[in-house]
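Using our numbering, you'd call the opening residue of the sequence shown number 513 and step up by one each time. For each residue, glycine too, the CB sits at the ideal point set by N, CA and C.
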Amino acid sequence: MSVFKNIYFIIPCILFWINQAVERLLGIYIPYVHAYLDDLLAMPVVLGVTLQVFRWIHPSRNLFYFTKVQLLVGWLYFSFLFEVLLPRWSATYTADIWDVLCYAIGTVIFDRLINRKH
513 MSVFKNIYFI
523 IPCILFWINQ
533 AVERLLGIYI
543 PYVHAYLDDL
553 LAMPVVLGVT
563 LQVFRWIHPS
573 RNLFYFTKVQ
583 LLVGWLYFSF
593 LFEVLLPRWS
603 ATYTADIWDV
613 LCYAIGTVIF
623 DRLINRKH
């Protein structure tokens, strides 16, 4: 099945778009939603798009899926980039250990619901 047709990929995308519209267009910021929803949705969305691209180009096509090691590397990469490096370079970013937990939960959600092994 195409990742883009998977309801567990579509829902995080829609939630992300709604959250961004509410924040940026309406100027409404709900404290915990503003702080953590995007971080929770980031891994299912980013890994989902990445998985679909791999399925288009990899010889295994729809049989391709990410291994646990690849998912661990993705989670560590996001955590290091957004919670260590970028906060040191820019005041726009804030290091938050809870974001790392949200990335981890999002990675598990991606693995269980989107990263289907056929």
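Query: Cut-off 7 Å between Cβ atoms - residues of its own chain near Val612, not counting five sequence neighbours on either side; Result: Ser591, Glu595
Query: Whether Asn518 touches Ile626 by CB criterion (8 Å); Result: yes
Query: Separation of Phe516 from Thr579, as counted between CA atoms; Result: 20 Å
Query: Coil, strand or helix - Ile621 by DSSP; Result: helix
Query: Residue-level contact to chain C via CB, Phe594, 8 Å cutoff; Result: As a matter of chain content, chain C is missing from the structure shown, which is built from one protein chain.
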